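In this note's numbering, the protein residues as written are 1483 to 1911.
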């Protein structure tokens, strides 16, 4: 089968490699010439994705994967098109469709009769049918569900373990009509493998949810549920802090009982949790619980900074290190990372802020507007923002003169911080 994957980012490239590894002829289309050149050389453009380096080299060498900047030409030669272009929210929390719209228009120019177009980017409900279907039709002269097949199939994977997650979780699809759904099921059965999952209500594999809207909502429901759960844990945490209660013991006790799972508290970053609930709220003006949860989670960086401020007796002109620029440990990605609101809140409190991350160079950190921090430099306070493995063995000796550390990830070893006021978010001091 000839397949085009549009956008070779941290989701799109592993998908292209997966499809090519199943023996299909895959063309990856991306607007960034540097990414295209690296992929064609068999070099991963970004580190940290398990198995990607080896798999990429293999499928490029076999000729099953090539990359191009010409989306129109790649689509014109393909039987299936998988779209993974980014969709974010702007400063007003409104979805910014510019990248998705540009990709869709380029696809429309090359779209041929009988082609399947599958949107894997997480979308607000109705977007596939009401926005992209007409856009594809207008640009191609073809009708969705009649001349070409159209579906939504949300990605349900975590960076760093994508190939394992593709096997573990059912592949959800929803078509604009039955013919599109049938074509989507046929396609994903041909490009994916699934682990046995006796714990599931039905066999692991491709699951047709009946409509594009159901598939869109399924992904939004998953991530929004987590956002609400984390907000609840954060509120429990703030109360526990005020009462001297160890919230981690409370959560462990709650999670020992079925149907009462509570997420770990803390800052919420990454593509999914801070963004997708806003996609849901686009169509549900009555989503008061979701809105309150998002507000509660957005408020956590200020709360964490307030803890450090209270310990040090003020932050004006204090040198403070934020440990971790990435949104999650071991993943080189800053999208919606908690580092940005933390640095903003610290700077607003008058602190002299620097940022450390073992995955980033000084130049990369400076590119985000941060002052790089190097272990061994004197600092008065620190906040652990990302749960990197390196921070589990971090000690006060590596942060000379540090008087206080707020560990929002609960990963630092108390024995390595003698004489330092160490505050773990949600645990007694």
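Even glycine gets a Cβ: it sits at the ideal position worked out from N, Cα and C.
Note that the structure is predicted; figures quoted are calculated from it, not measured.
Legend entry - residue 1490 to residue 1597 span [Cα, whole Å]: Between residue 1490 and residue 1597, the C-alpha separation is close to 20 angstroms.
Inset, instruction - Kindly indicate which three-state DSSP category residue 1640 falls into: helix, strand or coil? - result: Three-state result, residue 1640: coil.
Inset, instruction - Let me know the secondary structure DSSP gives residue 1572 once reduced to three states. - result: Residue 1572 falls in the coil class under three-state DSSP.
Legend entry - Straight-line Cα distance separating residue 1902 from residue 1882: The alpha-carbon atoms of residue 1882 and residue 1902 are separated by roughly 11 angstroms.
Inset, instruction - Can you say whether residue 1736 is buried or exposed, counting buried as having 16 or more other CB atoms within 10 angstroms of its CB? - result: By the neighbour-count criterion, in which a residue is buried when 16 or more other Cβ atoms sit within 10 angstroms of its Cβ, residue 1736 is exposed.
Inset, instruction - Let me know the secondary structure DSSP gives residue 1728 once reduced to three states. - result: Note: residue 1728 maps to coil in three-state DSSP.
Legend entry - Given residue 1838 as reference, the closest of 1859, 1572, 1804 once Cα atoms are compared: Ranking the options by Cα distance to residue 1838, first place goes to 1804.
Inset, instruction - Just grab the DSSP bridge partners of residue 1852 for me. - result: In DSSP, residue 1852 forms no bridge with anything.
Legend entry - Residues near residue 1719 in its chain [Cβ-Cβ closer than 7 angstroms; skip 5 each side]: 1729, 1747, 1907, 1908.
Legend entry - At least three beta-carbon pairs within less than 8 angstroms, the stretch 1657-1666 to the stretch 1583-1590: No: the two stretches stay apart, fewer than three of their Cβ pairs being nearer than 8 angstroms.
Inset, instruction - Could you check if residue 1968 is buried or exposed, using at least 16 other CB atoms within 10 Å of its CB as the buried criterion? - result: With the chain covering only 1483 through 1911, there is no way to say anything about residue 1968.
Legend entry - Host beta strand (DSSP E) of residue 1613 (start-end): In the DSSP annotation of this structure, residue 1613 is not part of any beta strand (DSSP E), being labelled neither H nor E.
Inset, instruction - Please go through the same chain and pick out, in chain order, the residues whose beta-carbon is closer than 6 angstroms to the beta-carbon of residue 1634, but skip the five residues on each side of it. - result: Within the same chain, 1601, 1610, 1656, 1694, 1697, 1698 come within 6 angstroms of residue 1634 by CB-CB distance, once the 5 residues on both sides are set aside.
Inset, instruction - Counting only the same chain and skipping the five closest in sequence on each side, list residues whose C-beta sits under 6 angstroms from that of residue 1709. - result: Closer than 6 angstroms at Cβ, skipping near neighbours: 1755, 1759, 1775.
Legend entry - Beta-carbon proximity list for residue 1833, same chain, < 7 angstroms, skipping 5 on both sides: Closer than 7 angstroms at the Cβ level, and outside the excluded window around residue 1833, lie 1797, 1800, 1802.
Legend entry - Own chain partners of residue 1493 with C-beta closer than 6 angstroms, once the 5 adjacent residues on each side are dropped: 1566, 1637.
Inset, instruction - Tell me, please, which residues DSSP counts as bridged to residue 1603. - result: Assignment of beta-bridge partners to residue 1603 by DSSP yields no partner.
Legend entry - Between the CA atoms of residue 1625 and residue 1870 - distance to the nearest angstrom: Distance between the alpha carbons of residue 1870 and residue 1625 is about 49 angstroms.
Legend entry - Cβ-Cβ separation, residue 1852 to residue 1808 (assumed contact under 8 angstroms), whole Å: Not a contact, Cβ separation roughly 12 angstroms.
Inset, instruction - Could you tell me the distance, in whole angstroms, from the CA atom of residue 1892 to the CA atom of residue 1593? - result: About 50 angstroms.
Inset, instruction - On the DSSP bridge assignment, give the partners of residue 1803 in chain order. - result: Beta-bridge pairing links residue 1803 to 1836, 1864.
Inset, instruction - Spatial neighbours of residue 1627 within its chain, please: CB distance less than 7 angstroms, with the 5 preceding and 5 following residues excluded, ordered by chain position. - result: The beta carbon of residue 1627 sits closer than 7 angstroms to the beta carbons of 1658, 1659, 1661, 1662 from its chain, once the five residues preceding and following it are set aside; these are given in chain order.
Legend entry - beta strand (DSSP E) segment containing residue 1886, residue limits: Start and end: 1886-1889.
Legend entry - Reference residue 1576, options 1856, 1761, 1849, closest by Cα: Nearest of 1856, 1761, 1849 to residue 1576, Cα basis: 1761.
Legend entry - Residue from 1583, 1766, 1784, 1819 whose Cα sits closest to the Cα of residue 1829: Per the Cα distances, 1784.
Legend entry - Secondary structure of residue 1626, DSSP reduced to three states: For residue 1626, the three-state secondary structure derived from DSSP is strand.
Legend entry - residue 1629 to residue 1848 span [Cα, whole Å]: Approximately 50 angstroms, taken between the alpha carbons.
Inset, instruction - Express the C-alpha separation of residue 1495 and residue 1622 in angstroms, rounding to a whole number. - result: Those two C-alpha atoms are separated by around 26 angstroms.
Legend entry - Residue nearest to residue 1540 in terms of C-alpha spacing, selected from 1844, 1503, 1681, 1667: Closest in C-alpha terms to residue 1540, from the list 1844, 1503, 1681, 1667, comes 1503.
Inset, instruction - Measure the beta-carbon distance from residue 1862 to residue 1884 and round it to whole angstroms, keeping in mind my assumption that it falls under 8 angstroms. - result: So it is a contact: roughly 7 angstroms between Cβ atoms.
Inset, instruction - Look up residue 1577 in the DSSP assignment and give the residues it is bridged to. - result: For residue 1577, which the question treats as bridged, DSSP gives the partners 1571.
Legend entry - Buried or exposed by the 16-neighbour rule on C-beta atoms within 10 Å, applied to residue 1879: It counts as exposed.
Legend entry - Cβ pair residue 1551, residue 1508 closer than 7 angstroms: Going by C-beta atoms, residue 1551 is not nearer than 7 angstroms to residue 1508.
Legend entry - Contact belief for residue 1564 with residue 1639 at Cβ below 8 angstroms, rounded distance in angstroms: In fact, because the Cβ distance is near 13 angstroms, the residues do not count as touching under 8 angstroms.
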